[in-house]
Amino acid sequence: MTGRIIGTGSYVPERIVTNEELAGVVETSDEWIVTRTGIHERRIAETEGTSVLASRAAERALEDAKVSAEEIDFILLATSSPDHCFPNGACEVQAAIGAVHAMAFDISAACSGFEIALSTAQAFIQAGVYRTGLIIGADCLSKLTDWSDRATCVLFGDGAGAAVIQADEEAGIIHTVMGSDGARGMVLSCLARSEGNFLNGKTPELGYIYMNGQEVFKFAVKKVPECIHQVLSESKTDIEEIKYFVLHQANYRICEAVAKRLKQPFDKVPMNIDKYGNTSGATVPILLDQLNREGKLTRGDKLVLAGFGGGLTWGAVLLTW
Ligand code: ACO
167 MTGRIIGTGS YVPERIVTNE ELAGVVETSD EWIVTRTGIH ERRIAETEGT SVLASRAAER
227 ALEDAKVSAE EIDFILLATS SPDHCFPNGA CEVQAAIGAV HAMAFDISAA CSGFEIALST
287 AQAFIQAGVY RTGLIIGADC LSKLTDWSDR ATCVLFGDGA GAAVIQADEE AGIIHTVMGS
347 DGARGMVLSC LARSEGNFLN GKTPELGYIY MNGQEVFKFA VKKVPECIHQ VLSESKTDIE
407 EIKYFVLHQA NYRICEAVAK RLKQPFDKVP MNIDKYGNTS GATVPILLDQ LNREGKLTRG
467 DKLVLAGFGG GLTWGAVLLT W
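For the sequence shown, the numbering used here assigns the number 167 to the initial residue and increments by one for each residue that follows.
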């Protein structure tokens with residue numbers, strides 16, 4: 167048995183925030199943001215939280231898969247911005263959509279979370295523990311952003327993407343690879359609630375996102391091609407068989423550099439960062455849903471999904487559509 171994606175869905179908040187609007191919040195410009203990142207606009211959640219975005223994406227994925235919420239055995243929510251410490255976001259999604267038979271937990275691996283959640287789902291399915299799962303990537307990084315820090319606040323957007331995965335005898339996920347480098351974790355961090363109790367007299371603080379952009383850039387352009395080569399070579403798959411490389415949408419220039427290192431044409435690397443910015447754990451499932459709904463995926467197509475981010479973490483999933 168292998169896990170096969172049988173439906174996708176996504177949801178982004180309605181409110182569009184353009185680069186021009188941000189230029190009124192911090193000292194920046196449309197030209198700076200577009201040339202460095204490829205981002206033109208992003209969606210920001212005014213009222214909804216991560217669980218609401220995740221639940222809406224999940225409902226759309228269930229509809230696409232023609233699977234009812236009651237049939238779901240497990241829900242994995244990849245997020246680094248859950249609305250609460252507990253209950254976890256996956257349980258909130260379970261309650262919102264009525265997946266009464268599911269067990270549910272969050273996976274915290276920042277922008278690689280969706281790939282790591284898919285790998286976890288695959289392990290459950292291969293081991294015969296569960297048959298049908300809902301895998302969601304959702305983040306509201308706008309709530310963890312320092313809106314006076316122009317180096318980070320222009321990069322992120324809010325959103326959610328989801329996939330229904332089911333045990334299949336023939337095809338689906340072929341192979342996955344995952345990795346972490348905790349020693350370099352501080353190049354990309356959000357140290358929320360990290361201090362404070364009655365002994366030290368400090369108040370727990372809500373921290374903000376910090377990023378060393380150049381270190382993240384170097385990490386991504388090295389690690390993403392490496393893990394894609396690894397997932398292909400370990401499964402004896404020729405890179406030319408891959409129709410699309412669905413990469414984490416962190417930065418247009420990172421995706422271009424990855425395509426170049428893979429010696430693959432850039433039209434095999436679909437992009438939507440211009441519209442949504444970096445939605446962290448949600449970028450890959452939102453893009454996958456877009457490709458699915460635009461009719462660009464045909465049964466039998468081979469795809470590689472790849473993510474990288476805070477932790478540091480990375481992951482790649484090779485699958486047959
Ligand atoms: N508008 C205008 N100027 C800015 C802005 C902004 N929004 N942000 C920074 N600057 C200024 C800096 O203050 C600096 O000015 P100075 O030279 O006077 O000191 C100048 O622009 C250059 O700053 P750098 O940080 O060196 O800019 P860089 O060319 O490295 O570009 C960027 C920054 C786009 C973040 C780049 O490092 C990058 O692409 N990094 C990859 C990281 C990334 O994409 N992260 C996404 C989130 S993480 C993830 O998803 C895994």
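Beta carbons are placed, not taken as given, at the ideal position from N, Cα and C, and that holds for glycine.
For residue i, the residue or residues it bridges with in DSSP
{"i": "Gln-288", "result": "BP columns for Gln-288 are empty, so no partner."}
{"i": "Phe-240", "result": "Met-269, Gly-299"}
{"i": "Ile-207", "result": "The amino acid at residue 207 is misidentified as Ile; the sequence shows Glu. In the DSSP output, where bridge partners are listed per residue, Glu-207 has Thr-184."}
{"i": "Ile-171", "result": "Ile-331"}
{"i": "Leu-478", "result": "Bridge partners of Leu-478: none, in fact."}
{"i": "Cys-306", "result": "Asp-324"}
{"i": "Cys-356", "result": "Ile-375"}
{"i": "Gly-345", "result": "Trp-480"}
{"i": "Ile-339", "result": "Leu-485"}
7 Å Cβ shell around residue i - same chain, five flanking residues per side excluded
{"i": "Pro-370", "result": "Arg-359, Glu-361, Gly-362"}
{"i": "Ser-221", "result": "Val-259, Ala-262, Ile-263"}
{"i": "Pro-248", "result": "Thr-216, Asn-254, Gly-255, Asp-272"}
Check: residue i C-beta below 7 Å from any heavy atom of ligand 2
{"i": "Arg-202", "result": "Ligands displayed in this structure: ligand 1; ligand 2 is not among them."}
Any non-hydrogen atom of ligand 1 within 7 Å of residue i CB
{"i": "Cys-421", "result": "no"}
{"i": "Ala-304", "result": "no"}
{"i": "Trp-313", "result": "no"}
{"i": "Ala-317", "result": "yes"}
{"i": "Thr-194", "result": "yes"}
{"i": "Asn-444", "result": "yes"}
{"i": "Phe-474", "result": "yes"}
{"i": "Ala-268", "result": "no"}
{"i": "Ile-199", "result": "yes"}
{"i": "Cys-277", "result": "yes"}
{"i": "Leu-354", "result": "yes"}
{"i": "Leu-321", "result": "yes"}
Beta-carbon proximity list for residue i, same chain, < 6 Å, skipping 5 on both sides
{"i": "Ile-171", "result": "Ala-329, Ile-331"}
{"i": "Leu-219", "result": "Tyr-177, Ala-304, Ala-326"}
{"i": "Glu-556", "result": "The requested residue 556 does not occur in the structure, where the chain is confined to residues 167 to 487."}
{"i": "Ala-386", "result": "Ile-420, Phe-474"}
{"i": "Ala-244", "result": "Ile-273, Gly-279, Phe-280, Ala-283, Gly-303, Gly-447"}
{"i": "Thr-184", "result": "Glu-207"}
{"i": "Ser-246", "result": "Ser-274, Ala-276"}
Sequence-distant residues of the same chain with beta carbon closer than 8 Å to residue i, five excluded per side
{"i": "Met-167", "result": "Ile-291, Gln-292, Gly-294, Ala-333, Asp-334, Glu-335"}
{"i": "Thr-286", "result": "Leu-242, Ile-273"}
Next on the checklist: I'd like to know if the stretch 352-366 and the stretch 325-332 are in contact, where contact means that at least 3 CB-CB pairs between them fall below 8 Å.
Outcome noted: no
Item to check | Cβ contact (3+ pairs, closer than 8 Å) linking the stretch 407-416 and the stretch 465-475 | outcome: yes
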